[in-house]
Ligand code: HEM
């Protein structure tokens, strides 16, 4: 054998052995497949459908098992019981954010999504309060989403009932809602700055979901020493951060502390209040990363869900007809939909839940980490260990949702046609780290979809029976196949 190969094998076996020793010293990890030197269990995972691989592994190793993604052990939780026990019952202990080396380089541990400890708690609390309207001035968040829903309908009208791919328009609407919340104003769908932002987030999601990024996460040194799409990701992050910084400086010049216009104003006011505190988390740098995080988390997620939603409605015209009947009955054709309508629209509520359950947008959640050494079931998980939770295993649980692979709004309806809640609805995850934009996302999904179905008949360009709703990728996010449809004005 080539001496170089022998050397690499020896070195990697040594590394793996020391890692094992380290973890056994620190705790008793759950069982799992035997890892190979250096690459760990990567060959046992289908990068295009990690969730499916986890499901298969759970059949052998049970609901709690250990996987080596490269050299790094990760504990996987599969099924409602294990996920709930960790994220809800032991919420504090499982509230750490698991390592995502590319994001750590780009964000330097700031912001909300990839931060930890005191910083995460403070920025999250502040962001949640602001997104719930506290201190957001005169215009409510609902007002902003309703305005965007009207603009969205107008943009769709411009397609003149001709076949179109809705990706771009459905991408603009959620991005504009975040713009309205962060910068106070929405943009025209042709504005150059706006298009730049939309394009950047679209590109970033593609980069993050790529097999290359999985490789970078397993072997972080790749980020420093190799060229690749991660460099573009860093460039994109820097661009958005500098744009937010420029806006923040403009805001500073015209700030009225008694009348905050948007998220940036609220943040600047908090900075002012804490200016004597040397350890304050409210700094301009943290503002830029937090704003970036809200864009990153709040645009592609909602727009991909909307795009998938229309595909499912095309595939199931009987469901669409029922929704439209309910809209006619509760809202009529002329008044703008509002959130109050939702409580009178159980069928629509069930349809939106079923869309989110069925598409399972983020199959393996964002990685968590344990914040201290913890005994979980019979295992000892050391502080800092990355935890992967399979949301698929909860959203597609066949006891809670009979025929989970079938799109059926009855999964969320009782026998009388009332909306039926389910603890298994974890599309936004659960516990302390649960999606910070859940309220906003639900509002957007309800108002945008209702506004579209109130004003248009959706017409597929192929026979609904021939529509394939299988996602084209299932890595980080489930992405629907591309398709065309016609929006026929009513
Ligand atoms: C359909 C739309 C959406 C889905 C399915 C979704 C889902 C998720 C999921 C699964 C997580 C990870 C939770 C965890 O770590 O346990 C998350 C985190 C997050 N989401 Fe969303 N999200 C959506 C829309 C939004 C929107 C509109 C915002 C906007 C502002 C947003 C902001 C965030 C933030 C800031 C986090 C990080 C929370 C933290 O680390 O504390 N999301 N989301």
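Residue numbers (mature numbering (1 follows the signal peptide of the UniProt record, and there is no 0)): -25 to -1, 1 to 465.
Heads up, the beta-carbon is just placed ideally off N, CA and C, and yes, glycines get one too.
Among 32, 23, 87, 455, which residue has its Cα nearest to the Cα of residue 277? Here residue 277 corresponds to residue number 302 of the chain shown, with the count starting at 1. Nearest in C-alpha terms to residue 277, of all of 32, 23, 87, 455, is 455.
Best match in 379, 257, 298, 254 for proximity to residue 424 [C-alpha to C-alpha]: What you label residue 424 is simply residue 449 of the chain shown in a count that begins at 1. Comparing Cα-Cα distances from residue 424 to each of 379, 257, 298, 254, the minimum goes to 298.
Suppose contacts are defined by Cβ-Cβ distances below 8 Å. Is residue 73 in contact with residue 42 by that definition? Along the chain shown, read from residue 1 onward, the residue named residue 73 stands at position 98. Along the chain shown, read from residue 1 onward, the residue named residue 42 stands at position 67. Result no, Cβ atoms of residue 73 and residue 42 do not sit closer than 8 Å.
Per DSSP, what kind of secondary structure is residue 203 in: helix, strand or coil? Locating residue 203 in the chain shown gives position 228, counting from the first residue. Looking at residue 203 - three-state DSSP - the assignment turns out to be coil, as it is neither helix nor strand.
Ignore the nearest five residues each way along the sequence and tell me which others in residue 94's own chain have a CB closer than 8 Å to its CB. Here residue 94 refers to the residue found at position 119 when the chain shown is read from its first residue. Close CB contacts of residue 94 within its chain, under the 8 Å cut and outside five residues either way in sequence, are with 84, 85, 256, 261 (chain order).
Heavy atom of the ligand HEM within 7 Å of residue 99 beta-carbon: The count along the chain shown starts at 1 and reaches residue 99 at position 124. Set against 7 Å, the gap from the CB of residue 99 to the closest heavy atom of the ligand HEM is smaller.
Are residue 370 and residue 398 close, meaning C-beta to C-beta below 8 Å? For this step, residue 370 is matched to residue 395 along the chain shown. For this step, residue 398 is matched to residue 423 along the chain shown. Contact: no.
Under 8 Å: do the region 186 to 193 and the region 11 to 22 share three or more Cβ pairs, one atom per stretch? Touching, yes.
Just to check, is the beta-carbon of residue 194 closer than 7 Å to a non-hydrogen atom of the ligand HEM? Position 219 of the chain shown, counted from the first residue, corresponds to residue 194. The answer is no for residue 194.
The ligand HEM heavy atom lying under 7 Å from the CB of residue 146: The sequence position of residue 146 within the chain shown is 171, counting from 1. Not under cutoff, so the answer is no.
With a cut-off of 8 Å, do at least 3 Cβ pairs link the region 288 to 306 to the region 238 to 245? Contact fails between the region 288 to 306 and the region 238 to 245, because fewer than three Cβ pairs, one in each stretch, are under 8 Å apart.
Residue of 224, 124, 4, 142 minimising C-alpha distance to residue 158: In the chain shown, the residue the question calls residue 158 occupies position 183. The residue with the shortest Cα to Cα distance from residue 158 is 224.
Could you pull the start and end residues of the beta strand (DSSP E) that residue 464 belongs to? Taking the first residue of the chain shown as 1, we reach residue 464 at position 489. Note, residue 464: beta strand (DSSP E), 460 to 464.
Contained alpha helix (DSSP H) runs [length at least 4] in the region 157 to 202, N- to C-terminal order: Segments of the alpha helix (DSSP H) lying fully in the region 157 to 202: 167 to 184, 186 to 193, 196 to 200.
Can you tell me which of the three DSSP states residue 69 falls into? Residue numbering aside, residue 69 sits at position 94 when the chain shown is read from its first letter. The answer is coil: DSSP assigns residue 69 none of H, G, I, E or B.
To the nearest angstrom, report how far apart residue 227 and residue 133 are at their CA atoms. Working through the chain shown from its first residue, we reach residue 227 at position 252. Working through the chain shown from its first residue, we reach residue 133 at position 158. Using only the alpha carbons, I get a separation of about 38 Å.
Would you say the beta carbon of residue 177 is closer than 7 Å to some non-hydrogen atom of the ligand HEM? Counting from 1 along the chain shown, the entry for residue 177 is found at position 202. Judged by the Cβ position, residue 177 fails to qualify as a neighbour of the ligand HEM at the 7 Å threshold, every heavy atom of the ligand being at least this far.
Return the chain-ordered list of same chain residues with a C-beta closer than 8 Å to the C-beta of residue 22, the five sequence neighbours on each side being excluded. Within the chain shown, the letter at position 47 stands for residue 22. Scanning its chain for C-beta atoms nearer than 8 Å, with the 5 sequence neighbours on each side dropped, one finds around residue 22 the residues 186, 189, 450, in chain order.
Kindly indicate the opening and closing residues of the beta strand (DSSP E) around residue 434. Within the chain shown, the letter at position 459 stands for residue 434. Start and end: 431 to 435.
Against chain C, with Cβ distances strictly below 8 Å, would residue 257 count as a contact? The structure shown contains no chain C; it is built from a single protein chain.
For the beta strand (DSSP E) holding residue 288, just list the boundary residues, first then last. Against the chain shown, residue 288 aligns to sequence position 313. Note, residue 288: premise wrong, no beta strand (DSSP E); alpha helix (DSSP H) at 275 to 290.
Among all the DSSP beta bridges, which residues are the ones paired with residue 48? What you label residue 48 is simply residue 73 of the chain shown in a count that begins at 1. Its beta-bridge partners are 43.
If you run the structure through DSSP and keep just helix, strand and coil, what is residue 454? The count along the chain shown starts at 1 and reaches residue 454 at position 479. Reduced to three states, the DSSP call for residue 454 is strand.
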